[in-house]
Amino acid sequence: MILHIDMDAFFASIEQAINPRLKDKPLIIGSRANKMCTVVCAASYAAKALGIHSGMPSREAFARCLDLEFVAADQSKYIWTSEQIFGLLKGYNLPLNYASIDEFQMELSGYPNPVSLGKEVKEKIYANFNITASVGIAKNWLLAKLASKLNKPDGLTIINDSNFEAVLRAAPLDKLCGMAGKNGASLMAKGIKTCWDLYLDLPAFFDENPGKFDENCGKSNEKPKSVSHSYTLPKAQINPQVILAWIRLLSEIVSERLRHKNLVSATVHIWLNGPEIGNFGAQKTYQTPTNDGYEICQRAVKIMARSALKSPKIRAIGVTCGSLSWGIYQPLLKEETRREGLIQALDRINNRFGEGSIYPAITALTR
Ligand SMILES: [Mg+2]
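Residue numbers (the working numbering): 19 to 385.
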C-alpha cells in the first residue's frame, strides 16, 4: 500500500497562511516580481475557479480577474515548508519518498489502518502549517497519486478492490500521471477518455511500476560529504577574466559530478593560492541548494568579492561543494525549468561525444 500526499495549491496556500488578508481570495504566485510581465507558477483555488492556472501569462490572469492578488515567488519559503513537512512525516518511521516539493509518498505494507493514518497526516499538516493536503491511498504509487487528485482540495481517497472500477470510470484520463500532455491527448483522440477506458485497453499499465517507489532518504549514509576540484595554473595569473574562467570551469566540473550523483549542494567553498596571499579559503551556505555550474560559479565569485582580496596573483584554485542533499529540488519556476533543460542537453552532449565537447564560452580562456 502507498499513501500519497499532495499539497493543495502549495505555494499559494503558504502565502495565504502567512498573510491572512489573502485567505480565500483569488491569488497568483508569479515567477518574477513584475506582476504584469511574468508567468503564473501557482494559483489559489479561488483563482483556479476563474480558469486561472499555472503556466498562464500573468497578463491573461489579470484580464480574467481585475482584483487578482499577486505575490512574487519566494522559493526559500516553499522549500523550507516542504522540508518541515518531510521532517514531520519522517516521524512515522515508515519508508518515505520525497516525490517533489509538494508531494510525498509513504509505503504502508502491513500497516493496520491506512485511512486513519491518512486522516492523521492531514490533520498534523494543517495543525502545524495551516495549509491542507490531499491524500490518496492505493496498492501502487500510480493509483495512490491518482487517488490524491480526485477529491482536491483537502481530500482523502482510497482505491481498493471494491471501488476500483467505479473510481476509474469517474476519473478523466488526464488526472493520471503522465497523461496531462500529448500522451493523454492522443489516447483521448482514440476514444480513451477515462482511466477505466485505459484499464480495459491496457490493464497491465495499472499493475506495473510499483517499483518506482524509491526511498531516497534511506541512502543518506552513502552520500559523500563534499565534491571538489582544484587546479594549479600553468603560471600565476592576475587577469580577472582568466581567473573567472578557471573558477567557472572548476564549477562546471564539480556541478557535473553532483548531477551525476543526483546531489545538490548548499555550501560553496572557494580556495585560492598565490605568491602574495598564500592560502585563502572562504565559504558560504545558501538557502537554495543547486547543482548548476553557473550558479556555483556566481556564488564562488561573490564569496571572493566579499573578501579583502584585491585582484591578487593566483597560482591555484579549488571549488568545493558541501552540505549535500539528494537532488530532490525540481525547478520551481519557469525560468529555471528552461535553464534545467539547457543543462540536461549539455550533459547529454558531453556524455555522448566525450567530456568537454561543449562548454561555456568563457572557459575557453583557460585553454
Ligand atoms: Mg500539489
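C-beta atoms are modelled at their ideal positions from N, C-alpha and C, and glycine is treated no differently.
Fair warning: this is a prediction, and the values are worked out from it, not measured in the lab.
The shortest C-alpha to C-alpha distance from lysine 328 to any of Asp26, Cys339 and Gly292 is the one to Gly292. Secondary structure in the segment 289-316: the beta strand (DSSP E) runs of 3 residues or longer, each lying completely within the stretch, are 296-308 in chain order. Nearest to alanine 51 by alpha-carbon distance, out of Asp92, Met25, Leu112 and Ala61, is Asp92. Leucine 216 has its alpha-carbon roughly 10 Å from the corresponding atom of alanine 222. Within the DSSP bridge table, the entry for phenylalanine 122 names Ile23 and Tyr116 as partners.
Per DSSP, threonine 175 is one residue of the beta strand (DSSP E) stretching across 174-176.
A residue is called buried when at least 16 other Cβ atoms come within 10 angstroms of its Cβ; alanine 203 does not meet this threshold and is exposed. Contact annotation, leucine 168 with lysine 200: C-beta distance approximately 23 Å; criterion of less than 8 Å not satisfied. The continuous stretches of alpha helix (DSSP H) do not include proline 252, which lies in the beta strand (DSSP E) extending over residues 245-255. The beta carbon of alanine 300 is closer than 8 Å to those of His287, Ile288, Ile321, Met322, Arg324 and Ser325 in its chain, skipping five residues each way along the sequence. In this structure, the straight-line span from the alpha carbon of lysine 243 to that of threonine 381 is close to 27 Å. In the displayed model, isoleucine 321 falls within a helix according to three-state DSSP. In the DSSP assignment, the residues bridged to glutamate 87 are Leu45. Here tryptophan 98 is actually not in contact with glutamine 123; their C-beta atoms are around 21 Å apart, not less than 8 Å. Taking C-beta atoms as the reference points, threonine 150 and alanine 263 fail to come closer than 7 Å. For ligand 1, a non-hydrogen atom lies closer than 6 Å to the CB of phenylalanine 28. With at least 16 other beta carbons inside 10 angstroms of its own, cysteine 59 counts as buried. Proximity of the segment 21-31 to the segment 112-129 meets the contact definition, three or more beta-carbon pairs being nearer than 8 Å. Looking only at Val260, Gln305 and Ala334, the smallest Cα-Cα distance to glutamate 294 is reached by Ala334. In this chain, the beta strand (DSSP E) harbouring glycine 340 covers 332-344. Not one heavy atom of ligand 1 is found less than 6 Å from the C-beta of methionine 19.
Remark: C-beta atoms of lysine 163 and leucine 191 do not approach each other more closely than 7 Å. Within the chosen limit of 6 Å, ligand 1 reaches the beta carbon of aspartate 24 through at least one heavy atom. Set against 6 Å, the gap from the CB of aspartate 92 to the closest heavy atom of ligand 1 is not smaller.
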